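Numbering (this note's numbering), first residue to last: 1 to 263.
C-beta atoms are modelled at their ideal positions from N, C-alpha and C, and glycine is treated no differently.
As the structure is a computational prediction, the values presented were derived from the model and not from experiment.
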């Protein structure tokens, strides 16, 4: 993305610590104009990520997403990744137009790494949430053309020593949630399932079980949500973030959680 058309480096006009702003200013000619691209697309052919969710548990926060991407009524991918660590203590879950959403998740990770290298210290969790808000706001012209990105963001606040989570709208508005949130086409079903079974103080295994059960419930009601595919061996991605950092549950752990919730 950064070296198209013979471009081999950034000019030195921007002197701040934001890689995103550096790309927008000095690298403007290599950044794609998604709004213009969207005008020439049949949006039913654009792959979309569907259901993601996040909620707090004792000592941290969990984030999960199914693996299915759809383009209209067609399955675009059965193994898309929708949950990404953005640094050691934060993570993002994407819903919406899959291409721009995945690009935004990766760019946020680069942004946080770049900031730390330039400033010599990590950005606090509130600042990370603000960075994502700025990126979503810049995507608004493309969102108005149908390439909307509506992520969830969560992490462990090392200063406050608690897990925290946010949801966003397409204008970049960010809203911190106290307990849980879900997004995507099956987000309503996942959120209602979490609302029914969530409780304060649950441990990591209980959180894993609830995340898998919520995605399974969403898959039962929403055809664009993948759930657990035992035949193909495809499982949702579930990340748990605590004071020790972000850790992804293995497929075996997710399978065991699915079997526990189905028994």
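Review point. Over what stretch of residues does the alpha helix (DSSP H) that includes residue 169 continue unbroken?
Key: Residue 169 -> no alpha helix (DSSP H), and no H or E assigned at all.
Review point. So the beta strand (DSSP E) residue 85 belongs to, where does it begin and stop?
Key: 83–87
Exercise for review: State the DSSP-derived secondary structure class of residue 176, mapped to helix, strand or coil.
Suggested key: strand
Review point. By how many angstroms is the C-alpha of residue 182 removed from the C-alpha of residue 169?
Key: 12 Å
Review point. When you compare only the Cα positions, how much space is there between residue 115 and residue 127?
Key: 11 Å
Check your understanding: Is it right to say residue 117 is buried, meaning 16 or more other beta carbons lie within 10 angstroms of its own, or is it exposed?
Key -> exposed
Review point. Whose C-beta lies closer than 8 Å to the C-beta of residue 247 among residues of the same chain, with five residues either side of it excluded?
Key: 239, 240 and 241
Practice item. Within its chain, find whatever has a CB closer than 7 Å to the CB of residue 201; leave out the 5 residues flanking it on each side and keep chain order. Key: 58
Check your understanding: Can you give the Cα-Cα distance for residue 66 and residue 235, rounded to whole angstroms?
Key -> 7 Å
**Study point:** Cα-Cα separation between residue 100 and residue 132, rounded to whole angstroms
**Key:** 13 Å
Point to revise | Range of the contiguous alpha helix (DSSP H) that encloses residue 139 | key: Segment: none, residue 139 is in no alpha helix (DSSP H) and carries neither H nor E.
Check your understanding: Are the beta-carbon atoms of residue 163 and residue 60 separated by less than 9 Å?
Key -> yes
Point to revise | Of the residues 80, 70, 156 and 113, the one placed nearest residue 54, counting alpha carbons only | key: 156
Point to revise | Endpoints, alpha helix (DSSP H) assigned at residue 109 | key: 98–119
Review point. Okay, do the segment 88–108 and the segment 205–223 touch, 3+ Cβ pairs below 8 Å being the bar?
Key: no
Check your understanding: Going by the beta-carbon positions, is the gap between residue 172 and residue 125 smaller than 9 Å?
Key -> no
Exercise for review: Compute the distance between the beta-carbons of residue 224 and residue 193, then report whether it is under 9 Å.
Suggested key: no
Practice item. Drop a sphere of 10 angstroms on the beta-carbon of residue 111, count the other beta-carbons inside from all chains shown, and report buried for 16 or more, exposed for fewer. Key: buried
Point to revise | residue 213 versus residue 107: straight-line alpha-carbon distance, rounded | key: 31 Å
**Study point:** Beta-bridge partners of residue 128, as assigned by DSSP
**Key:** Its beta-bridge partners do not exist; DSSP assigns none.
Exercise for review: Run the CB neighbour count on residue 265, radius 10 Å, all protein chains shown included, and call it buried at 16 or more, exposed below.
Suggested key: This structure cannot speak to residue 265, because the chain is shown only from 1 to 263.
**Study point:** Of the listed residues 74, 89 and 97, nearest to residue 82 (C-alpha basis)
**Key:** 97
Exercise for review: Can you have a look at residue 244 and say buried or exposed, based on whether 16 or more other CB atoms are within 10 angstroms of its CB?
Suggested key: exposed
Exercise for review: Find out if the Cβ-Cβ distance for the pair residue 325, residue 233 is shorter than 9 Å.
Suggested key: This structure leaves residue 325 out entirely; the chain is present only between 1 and 263.
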